[in-house]
Ligand SMILES: Nc1ncnc2c1ncn2[C@@H]1O[C@H](COP(=O)(O)OP(=O)(O)O)[C@@H](O)[C@H]1O
Ligand SMILES: [Mg+2]
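What follows is the structure, encoded as structure tokens:
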């Protein structure tokens, strides 16, 4: 079982949105997926409760139950564990980082988000874990031009010393609409730009978690 943690010290960056959407992407490839919801707000748990399809199973947990819950998912034969963390919560996020095979650092392209990402990136580095920075809720292009905030965010993100996912996610209504129905964007609007973004991000994440996957794809091409 591979383990993915989504991190940012700030709330509202998109940790839970990415957790549930990456879970759905993995499910659609036939993987067994569990989400550990470490946030007392229980957003991922609420999303699952509104979902008609049973999987993925979402388990609320805290610092004391993170390891037993992860072990139970492993024993149940899951392929992927996604750990959704709360804002702040350095101790609990630290435990999740130590458990994880890959940490996704989520931030909006804003000065405050990037400043708040510095200690999260440091925690991942100190744990010796691979990290991937994902820019979420980026503004759309206007008249074919990227907003200057994106270039600035990419520059600041580079200084954190982790790769930046080649595909960021834009602020899109589909990411919000789908949550009301307990769906991921891939289920809600499979042909939408939001679904394309999640599909590409999932590929990037899966290639990192299962390096063999890249070789298999290469052989098939
Ligand atoms: N790419 C996006 N486009 C539009 N809305 C988004 C996007 N990502 C997240 N949101 C919205 O932003 C809010 C915060 O996202 P959430 O995933 O709950 O963040 P976090 O878990 O980091 O606190 C939610 O209302 C969510 O629907
Ligand atoms: Mg959340």
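Numbering (my numbering), first residue to last: 154 to 374.
Backbone N, C-alpha and C fix where the C-beta goes; we use that ideal spot for every residue, glycine too.
All values reported here derive from a predicted model rather than from experimental measurement.
The closest CA to that of residue 240, considering only 192, 300, 301 and 294, is found on 192.
For the pair residue 194 and residue 330, the Cα-to-Cα distance works out to about 19 Å. DSSP places residue 186 in no alpha helix (DSSP H) but in the uninterrupted beta strand (DSSP E) bounded by 186-190.
For residue 322, the three-state secondary structure derived from DSSP is coil. Within the region 283-330, the complete beta strand (DSSP E) segments of 3 residues or longer fall at 284-288, listed in chain order. Contact between the region 288-308 and the region 247-258 is absent: fewer than 3 CB-CB pairs across the two stretches fall below 8 Å.
Around the CB of residue 326, fewer than 16 other CB atoms lie within 10 Å, so the residue is classed as exposed. When distances are taken from the beta-carbon of residue 196 to the heavy atoms of ligand 1, the shortest one is below 6 Å. Residue 256 has 158 and 284 as its beta-bridge partners, per DSSP.
The distance from the Cβ of residue 177 to that of residue 357 is about 16 Å, inconsistent with a contact at the 8 Å cut-off. Here the distance from the Cβ of residue 163 to the nearest heavy atom of ligand 2 is not below 6 Å.
In this structure, 211 is the residue among 211, 346, 362 and 154 with its C-alpha nearest to the C-alpha of residue 187. DSSP places residue 213 inside the beta strand (DSSP E), whose first and last residues are 210-213. Sequence-distant Cβ neighbours of residue 318 in its own chain, meaning closer than 7 Å and more than five residues away, are 285, 286, 287, 354 and 357. At a cut-off of 6 Å, the beta-carbon of residue 349 does not count as near ligand 1: no heavy atom of the ligand is closer than that. In the same chain as residue 280, and ignoring 5 residues on each side of it, the C-beta atoms closer than 6 Å to its own belong to 250 and 251, in chain order.
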